[in-house]
Structure formats: structure tokens, C-alpha cells
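A.B. asks: Below you will find the structure I want to go over with you.
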Amino acid sequence: MTEVVIYTLSAIALYFMADAALNLLESIHGEPIPHRNIVFFVIILSLALMWFQAIKMVLAG
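Mapped onto my numbering, the consecutive letters of the sequence shown carry residue numbers 1 to 61.
Quick look at the structure:
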């Protein structure tokens, strides 16, 4: 049960981190990025794969 809560809270945090990263990229780029949804998906997928693997290693001991 604890794992479900950890993964859920992590997913929520990852969503906000990916959104902030995309907003930062757009501010550096100077205009909205074309195909924003695809870029957001790539960012959140990358973060999720790294973060969930780290959680898995920590919970395994």
C-alpha cells in the first residue's frame, strides 16, 4: 500500500516538474514550441523512467 502512495505522489511531482521544464524550454526558445504535447511526453517519460527506477532500487533495499 505504501508503494502505491509513493508512486502516485511521485507521478504528481513529475507532472509538475515536466511542466516547469517545458515552460523553461519555451522561455529559452522565445516562442511556443511546435508539437508541445510530444515534447512534454518525452520529458515526463524520461523523468518517470529514471525516477521510478530509483524508487524501485531504494525500496528493494
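For every residue, glycine included, the Cβ atom is placed at its ideal position computed from N, Cα and C.
Please classify L14: is it buried, with 16 or more other beta-carbons within 10 angstroms of its beta-carbon, or exposed?
C.D. replies: Looking at its Cβ environment, which holds 16 or more other Cβ atoms inside 10 Å, L14 is buried.
A.B. asks: Along the chain, where does the alpha helix (DSSP H) containing I33 start, and where does it finish?
C.D. replies: Here I33 belongs to no alpha helix (DSSP H), and DSSP marks it neither H nor E.
A.B. asks: What residue does the alpha helix (DSSP H) around M17 start on, and which one ends it?
C.D. replies: Element bounds for M17: 2 to 29.
A.B. asks: With distances taken between CB atoms, is the gap from L22 to I43 smaller than 8 Å?
C.D. replies: Yes.
A.B. asks: Relative to the ligand ZN, is the shortest distance from any of its heavy atoms to the C-beta of K56 smaller than 7 Å?
C.D. replies: The ligand content of the structure shown is nil, which means the ligand ZN is not present either.
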